[in-house]
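Student:
2 protein chains.
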Amino acid sequence: MENQGQGLHARVLESLGPAITSGTYPPGSVLRTDELEERFDVSRTVIREAIRVLESMHLVTSRRRVGVTVRPTEEWNVYDPQVIRWRLAGTDRPRQLRSLTVLRSAVEPVAAGLAARHATPEQCEELTRHALGMVATSRGQQLGAYLVHDVAFHRVILRASGNEMFARLGDVVAEVLTGRTEHQVMFTDPDPAAVTLHVRVAEAVRERDAERAEALTREITAGAMAELDILAP
Amino acid sequence: MENQGQGLHARVLESLGPAITSGTYPPGSVLRTDELEERFDVSRTVIREAIRVLESMHLVTSRRRVGVTVRPTEEWNVYDPQVIRWRLAGTDRPRQLRSLTVLRSAVEPVAAGLAARHATPEQCEELTRHALGMVATSRGQQLGAYLVHDVAFHRVILRASGNEMFARLGDVVAEVLTGRTEHQVMFTDPDPAAVTLHVRVAEAVRERDAERAEALTREITAGAMAELDILAP
DNA sequence: TGTGACTCAAACGTCATACTTAATTTGCCG
DNA sequence: CGGCAAATTAAGTATGACGTTTGAGTCACA
Numbered sequence: 059m060e061n062q063g064q065g066l067h068a069r070v071l072e073s074l075g076p077a078i079t080s081g082t083y084p085p086g087s088v089l090r091t092d093e094l095e096e097r098f099d100v101s102r103t104v105i106r107e108a109i110r111v112l113e114s115m116h117l118v119t120s121r122r123r124v125g126v127t128v129r130p131t132e133e134w135n136v137y138d139p140q141v142i143r144w145r146l147a148g149t150d151r152p153r154q155l156r157s158l159t160v161l162r163s164a165v166e167p168v169a170a171g172l173a174a175r176h177a178t179p180e181q182c183e184e185l186t187r188h189a190l191g192m193v194a195t196s197r198g199q200q201l202g203a204y205l206v207h208d209v210a211f212h213r214v215i216l217r218a219s220g221n222e223m224f225a226r227l228g229d230v231v232a233e234v235l236t237g238r239t240e241h242q243v244m245f246t247d248p249d250p251a252a253v254t255l256h257v258r259v260a261e262a263v264r265e266r267d268a269e270r271a272e273a274l275t276r277e278i279t280a281g282a283m284a285e286l287d288i289l290a291p
Numbered sequence: 059m060e061n062q063g064q065g066l067h068a069r070v071l072e073s074l075g076p077a078i079t080s081g082t083y084p085p086g087s088v089l090r091t092d093e094l095e096e097r098f099d100v101s102r103t104v105i106r107e108a109i110r111v112l113e114s115m116h117l118v119t120s121r122r123r124v125g126v127t128v129r130p131t132e133e134w135n136v137y138d139p140q141v142i143r144w145r146l147a148g149t150d151r152p153r154q155l156r157s158l159t160v161l162r163s164a165v166e167p168v169a170a171g172l173a174a175r176h177a178t179p180e181q182c183e184e185l186t187r188h189a190l191g192m193v194a195t196s197r198g199q200q201l202g203a204y205l206v207h208d209v210a211f212h213r214v215i216l217r218a219s220g221n222e223m224f225a226r227l228g229d230v231v232a233e234v235l236t237g238r239t240e241h242q243v244m245f246t247d248p249d250p251a252a253v254t255l256h257v258r259v260a261e262a263v264r265e266r267d268a269e270r271a272e273a274l275t276r277e278i279t280a281g282a283m284a285e286l287d288i289l290a291p
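Each protein sequence line maps, in turn, to chains X and D. Note that our numbering has the first sequence beginning at 59, numbered continuously upward. Note that our numbering has the second sequence beginning at 59, numbered continuously upward.
Have a look at this one:
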């Protein structure tokens with residue numbers, strides 16, 4: 059992740075954002091700028107800029123005479139990568155991982171189907187390389203190296219789909235995969251069946267078999283959901 | 059849409075945002091704050107707050123000694139509702155409508171399947187009501203009324219899925235549906251087959267038949283893609 | 001001629017303060 | 001009791017001063 063921008067306003071954000079998304083300030087809570095000013099020991103300017111950003115994420119609204127109010131959860135911009143990161147780092151990480159995994163299960167199969175139609179030869183090669191990398195690192199507690207290939211594989215699929223909306227979910231998928239490895243502290247090696255599926259998806263894309271690429275990816279995401287005890291849709 | 063926030067910074071945003079997303083300032087362009095200050099005849103405070111928001115959308119980066127630089131398209135937060143709205147209002151609206159429709163085709167069927175499992179009786183009732191509303195307004199140039207029911211129907215599906223990520227796509231779908239009606243200036247009444255499909259989806263959800271709800275919704279989104287000449291995945 | 005360190009200035013970043021605007025509360029008066 | 005007006009409060013805006021980073025140009029030296 060490239061985050062952690064410079065500047066005081068970023069520092070304030072990195073404190074307020076998680077505090078809001080984790081429920082430290084539940085919806086309806088009111089913050090006052092001069093209070094924050096004092097708490098962070100920064101000028102009004104800085105606080106206001108941070109507030110503006112939170113406002114653009116629909117985490118808060120700012121109204122005269124009343125203060126900065128935390129908005130209800132349903133209104134948050136849950137697709138904002140920053141918000142996703144904050145929530146994954148917070149208390150409802152499990153819930154967050156589940157909803158993101160369901161999203162994956164909807165998007166990735168379709169993306170794989172499109173990738174089979176649109177992937178460039180270079181992308182096919184990348185795909186194969188990462189799938190083989192997964193095979194090579196799937197045994198012997200090389201979870202770190204495995205994760206790198208896994209993330210790269212899914213990123214290529216999403217990018218190769220040719221749809222920019224899908225492509226931008228690469229970061230989200232990366233977070234989910236990383237989170238899964240770190241969270242459940244995968245002591246065991248990855249499921250061999252899943253590894254094989256990735257290899258076969260790479261094959262299907264290379265052979266321009268959209269149907270098969272989609273179906274195989276559906277199996278992968280179904281596995282991911284099963285891991286989190288989400289009943290298959 | 060509830061937008062068009064108050065305040066000067068919002069006014070600046072509503073001018074800069076579309077200008078950037080439409081390519082008036084292509085990636086790599088550099089803006090200087092004092093130049094903007096003069097152009098909009100507002101204070102630095104206001105400009106800086108607008109810049110912070112654009113920065114949080116990954117539309118620009120602000121660097122010392124160099125100015126505010128427009129970032130490459132691939133890095134934009136294309137899921138930000140504001141950005142979506144700006145792009146839909148701009149020059150590459152057709153391209154935008156296509157990628158959003160592809161996203162719909164991935165998400166909505168899965169959402170419908172989940173809705174069949176999780177929808178409350180109230181939601182089932184809403185669904186039926188809007189489906190019947192679509193039937194009632196599907197003939198005789200009542201496109202406005204039809205659109206209202208159509209949007210509401212899809213919103214309920216997404217919300218009833220129980221997945222917050224899906225639920226938040228309600229606005230996006232609304233934009234797409236509205237855009238379709240307005241853009242292609244639908245003079246003709248809606249396709250009767252599509253109307254029927256909505257009724258059947260409502261039925262399937264009511265009867266808790268996830269498989270059927272998903273399959274029927276897939277037909278709906280396939281139709282939407284066909285309208286835009288997107289080859290079926 | 002090429003390279004490296006040094007200086008300078010441009011542009012953003014931060015602060016302090018004064019003033020403006022709008023919404024809520026209070027309280028007066030009918 | 002009800003409605004309207006004034007006071008109050010907290011955010012919004014403007015402005016001048018100063019700090020910080022960093023790109024670019026310069027100059028000396030090998």
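Glycine included, each C-beta is placed from N, C-alpha and C at the ideal position.
(1) Does Ala271 (chain D) have its Cβ less than 7 Å from a Cβ in chain X?
(2) Whose Cβ in chain X lies nearer than 8 Å to the Cβ of Glu107 (chain D)?
(3) How big is the Cα-Cα spacing for Pro291 (chain D) and Thr91 (chain X)?
(4) Report the partner residues of Ser120 (chain D) according to the DSSP bridge assignment.
(5) Please classify Asp99 (chain D) as buried or exposed, where buried requires at least 16 neighbouring CB atoms within 10 angstroms.
(6) Who does Val111 (chain D) pair with in a DSSP beta bridge?
(7) Which residues, in order along the stretch 212 to 232 of chain X, keep a beta-carbon less than 8 Å from a beta-carbon of chain D?
(8) Between Val136 (chain D) and Arg226 (chain X), what straight-line distance do the alpha-carbon atoms span, to the nearest angstrom?
(9) Return no unless some Cβ of chain D is closer than 7 Å to the Cβ of Leu205 (chain X).
(10) Going along chain D in order, which residues have a C-beta closer than 7 Å to the C-beta of Asp267 (chain X)?
(11) Does Tyr137 (chain X) have its Cβ less than 7 Å from a Cβ in chain D?
(12) Can you tell me whether Pro291 (chain X) is helix, strand or coil according to DSSP?
(13) Determine whether the Cβ of Ala164 (chain D) lies closer than 7 Å to any Cβ atom of chain X.
(14) Can you list, in chain order, the residues of its chain whose CB lies under 7 Å from that of Ala353 (chain X), leaving out five sequence neighbours each side?
(15) Report the rounded CA-to-CA distance for Trp144 (chain D) versus Glu233 (chain D), giving the unit in angstroms.
(16) Who does Leu36 (chain D) pair with in a DSSP beta bridge?
(17) Of all the options D:Met283, D:Ser114 and D:Ile215, which has the alpha carbon lying nearest to the alpha carbon of Pro179 (chain D)?
(18) Quick check on DSSP: helix, strand or coil for Val168 (chain X)?
(19) Could you check how far apart the C-beta atoms of Ile288 (chain D) and Thr159 (chain D) are, in whole angstroms? I think they sit under 8 Å.
(20) Does Tyr204 (chain X) come out as helix, strand or coil in the three-state DSSP assignment?
(21) Give the straight-line distance between the Cα atoms of Pro248 (chain X) and Ser80 (chain D), rounded to the nearest whole angstrom.
(22) Please list the partners that Ser157 (chain X) has in chain D, where partner means a Cβ-to-Cβ separation under 7 Å.
(23) By the three-class DSSP mapping on this structure, what secondary structure does Gln64 (chain X) have?
(24) Comparing the C-beta of Leu161 (chain X) with each C-beta of chain D, is any distance below 7 Å?
(25) Can you tell me whether Ala170 (chain D) is buried or exposed, with buried defined as 16 or more other CB within 10 angstroms of its CB?
(26) So, for Pro130 (chain X): in the same chain, excluding its five sequence neighbours on each side, which residues have a beta-carbon less than 7 Å away from its beta-carbon?
(27) Using a Cβ-Cβ cut-off of less than 8 Å, give me the residues of the stretch 64 to 81 of chain X that come near chain D, in sequence order.
(28) Just curious, the alpha helix (DSSP H) that Gln181 (chain X) is in, first and last residue?
(29) Quick one: is Pro250 (chain D) buried, meaning 16 or more other Cβ sit within 10 Å of its Cβ, or exposed?
Tutor: In short, the structure shows the following:
(1) Not one chain X Cβ lies under 7 Å of Ala271 (chain D).
(2) In chain order: Arg106, Glu107 and Arg110.
(3) Confidence at Pro291 (chain D) is low in this model, with a pLDDT of 47, below 50, so its placement is unreliable and the value that follows should be read with caution. For Pro291 (chain D) and Thr91 (chain X), the gap between their C-alpha atoms comes out near 50 Å.
(4) The partner list for Ser120 (chain D) (beta bridge, DSSP) reads D:Val126.
(5) Around the Cβ of Asp99 (chain D), a 10 Å sphere holds fewer than 16 other Cβ atoms; the residue is exposed.
(6) Val111 (chain D) pairs with nothing; no bridge assigned.
(7) The stretch 212 to 232 of chain X vs chain D, Cβ under 8 Å: Asn221, Glu222, Met223, Phe224, Ala225 and Arg226.
(8) Val136 (chain D) and Arg226 (chain X) have their C-alpha atoms some 7 Å from each other.
(9) So, not an interface residue.
(10) Near Asp267 (chain X) there are no residues of chain D at all, since even the closest Cβ is about 13 Å away, more than 7 Å.
(11) For Tyr137 (chain X), at least one C-beta of chain D is nearer than 7 Å to its own C-beta.
(12) Confidence in Pro291 (chain X) is poor, its pLDDT being 48 and thus under 50, which makes the residue's placement too unreliable to answer from.
(13) Closer than 7 Å to the CB of Ala164 (chain D) there is at least one CB belonging to chain X.
(14) Because chain X is modelled from 59 through 291, residue 353 (chain X) falls outside the range shown and cannot be assessed.
(15) One C-alpha to the other measures close to 11 Å.
(16) The question about residue 36 (chain D) has no answer, for chain D in this structure spans 59 to 291.
(17) Nearest option by C-alpha distance: D:Ile215.
(18) If DSSP states are grouped into helix, strand and coil, Val168 (chain X) belongs with the helices.
(19) For a cut-off of 8 Å, the C-beta gap from Ile288 (chain D) to Thr159 (chain D) is around 7 Å, short enough to register as a contact.
(20) Helix.
(21) Between Pro248 (chain X) and Ser80 (chain D), the alpha-carbon positions lie close to 45 Å from each other.
(22) Within chain D, the residues whose beta carbon sits less than 7 Å from that of Ser157 (chain X) are Asn221, Glu222 and Met223, listed in sequence order.
(23) In this structure, DSSP gives Gln64 (chain X) a state outside helix and strand, which the three-state scheme calls coil.
(24) Leu161 (chain X) belongs to the set of residues whose beta carbon lies under 7 Å from a beta carbon in chain D.
(25) Looking at its Cβ environment, which holds 16 or more other Cβ atoms inside 10 Å, Ala170 (chain D) is buried.
(26) Hits under 7 Å: Pro85.
(27) Of all residues in the stretch 64 to 81 of chain X, His67 have a Cβ within less than 8 Å of some Cβ in chain D.
(28) Boundaries of the alpha helix (DSSP H) around Gln181 (chain X): Pro179 to Ala194.
(29) Burial call: exposed.
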